[in-house]
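In the working numbering, the protein residues as written are 1240 to 1397. Here a beta-carbon is modelled for each residue, glycine too, at the ideal position from N, C-alpha and C. Keep in mind it's a predicted model, so treat the numbers as computed, not measured. Beneath this line is the structure, given in structure tokens, with notes to follow.
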């Protein structure tokens, strides 16, 4: 019985604990098995994120040709998001930020853009949920988005 307890204890402590990955700089051709947090500047190219991509205050983020298994979401006053030709299996939820450019992405959830203060471009995206834009200071521009759900409020003509 003691051997079984010791063996189970060893197995339990040998499993690595996952922690959020902080991106500051550029990452290319990698898989990250956790959430990615952006506090400053982050460029992601051909990256797979097995969690969420979370943007924090004053962050600048460019992501292209990548996959996010979770959400692309803001946590406060981000400066800029440029997302091009990505697959996002969750939602894009960007609130209280500044400049947003979403082009040629495939989003399996919703795109929700709310209370942003800078320019917003939403163009050539494929969205399996809704495209929702409300209370943004500048009206979003773009078009030719294929949306399975509803196009709502400021995004109803995109």
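- Query: From residue 1337 to residue 1265, what distance separates their C-alpha atoms?
  - Reply: 21 Å
- Query: Which word fits residue 1298, buried or exposed, when buried means at least 16 other C-beta atoms lie within 10 angstroms of its C-beta?
  - Reply: Counting Cβ neighbours within 10 Å, residue 1298 comes out buried, since at least 16 surround it.
- When DSSP labels each residue in this structure, what does residue 1393 get in the three-state scheme? Coil.
- Item | Classification of residue 1267 by the beta-carbon crowding that lies within 10 angstroms, buried from 16 upward | exposed
- CB-CB under 6 Å to residue 1307, same chain, minus the five flanking residues each way: which ones, in chain order? These residues qualify, in order along the chain: 1288, 1292, 1327.
- Item | 6 Å Cβ shell around residue 1319 - same chain, five flanking residues per side excluded | 1299, 1338
- Task: Return the first residue and the last residue of the beta strand (DSSP E) that residue 1360 is part of.
- Result: That run of the beta strand (DSSP E) goes 1359-1362.
- Task: Quick one: using the 10 Å Cβ neighbour count with 16 as the cut-off for buried, is residue 1349 buried or exposed?
- Result: The residue in question, residue 1349, is buried, as its Cβ has 16 or more Cβ neighbours within 10 Å.
- Message: I need the DSSP call for residue 1374, collapsed to helix, strand or coil.
- Response: coil
- From residue 1369 to residue 1380, what does the alpha carbon distance come to, in whole angstroms? 17 Å
- Would you check if the distance between the CB atom of residue 1351 and the CB atom of residue 1371 is smaller than 8 Å? Yes, these two residues count as a Cβ contact at 8 Å.
- State the DSSP-derived secondary structure class of residue 1285, mapped to helix, strand or coil. coil
- Task: Identify whether residue 1260 lies in helix, strand or coil by the three-state DSSP scheme.
- Result: strand
- Query: In terms of residue numbering, what span does the beta strand (DSSP E) encompassing residue 1322 cover?
  - Reply: DSSP places residue 1322 inside the beta strand (DSSP E), whose first and last residues are 1319-1323.
- Query: With burial defined as no fewer than 16 other Cβ atoms inside 10 Å of the residue's Cβ, what is the status of residue 1324: buried or exposed?
  - Reply: exposed
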